[in-house]
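Structure first, commentary second.
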Amino acid sequence: MAYRRESNQTNQGSKRYNIIIKSKDYKRICRFCIRKIDNIDYKDVDILKRYITEKSKIAPRRMTKCCAQHQRKLTTAIKRARNIALLPFAT
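So in numbering that gives the first Met the number 0 the end of the sequence shown lands on 90, straight run, no missing numbers.
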């Protein structure tokens with residue numbers, strides 16, 4: 000999330016002068032929604048590799064920046080690709 004800092008005291012040298020306030024000045028942009036992709040193909044390994052971490056875990060939504068619908072489809076596509084050995088279970 001984006002944070003905005005406001006000063007609480009006039010003394011900038013103290014450690015407690017910043018208060019963090021959450022602000023919603025951002026918009027999550029789903030890459031699949033922009034390209035109008037409805038179905039994510041499990042055979043498209045190049046696309047699926049972008050959404051896997053170095054330890055072969057499925058990246059969370061806050062990292063992939065996908066909407067909930069496409070994150071679910073992405074997860075099932077990755078799991079199907081793992082079952083037929085297109086993607087590794089672990090590295």
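Glycine residues also receive a C-beta, built at the ideal position from the N, C-alpha and C atoms.
Inset, instruction - For Tyr-41, I'd like the list of residues in its chain whose CB is within less than 6 Å of its CB, leaving aside the five on either flank, ordered along the chain. - result: The sequence position of residue 41 within the sequence shown is 42, counting from 1. Around Tyr-41: Ala-76, Arg-79 and Ala-80.
Inset, instruction - From the DSSP output, in three-state form, read off Tyr-16 for me. - result: Counting from 1 along the sequence shown, the entry for residue 16 is found at position 17. Low local confidence applies: a pLDDT of 47 at Tyr-16 is under 50, so the model's placement there is unreliable, and no value is given.
Inset, instruction - On a CA-only basis, which of Val-44, Cys-29 and Phe-31 is nearest Ala-84? Give me that one, please. - result: Counted from its first residue, the sequence shown places residue 84 at position 85. The shortest Cα separation from Ala-84 among Val-44, Cys-29 and Phe-31 belongs to Val-44.
Legend entry - Leu-47 to Ala-58 span [Cα, whole Å]: Locating residue 47 in the sequence shown gives position 48, where the first residue counts as 1. Locating residue 58 in the sequence shown gives position 59, where the first residue counts as 1. Spanning the two alpha carbons is a distance of roughly 10 Å.
Inset, instruction - Identify every residue that forms a DSSP beta bridge with Ile-57. - result: By one-based count along the sequence shown, residue 57 stands at place 58. Bridge partners of Ile-57: Ile-51.
Legend entry - Bounding residues of the alpha helix (DSSP H) (the contiguous stretch that carries Asn-82): Position 83 of the sequence shown, counting from 1, holds the residue named residue 82. Taken as a continuous stretch (DSSP letters only), the alpha helix (DSSP H) holding Asn-82 covers 67-82.
Inset, instruction - Would you decide whether Thr-63 is buried or exposed? Buried here means 16 or more other CB atoms lie within 10 Å of its CB. - result: Residue numbering aside, residue 63 sits at position 64 when the sequence shown is read from its first letter. Result: buried.
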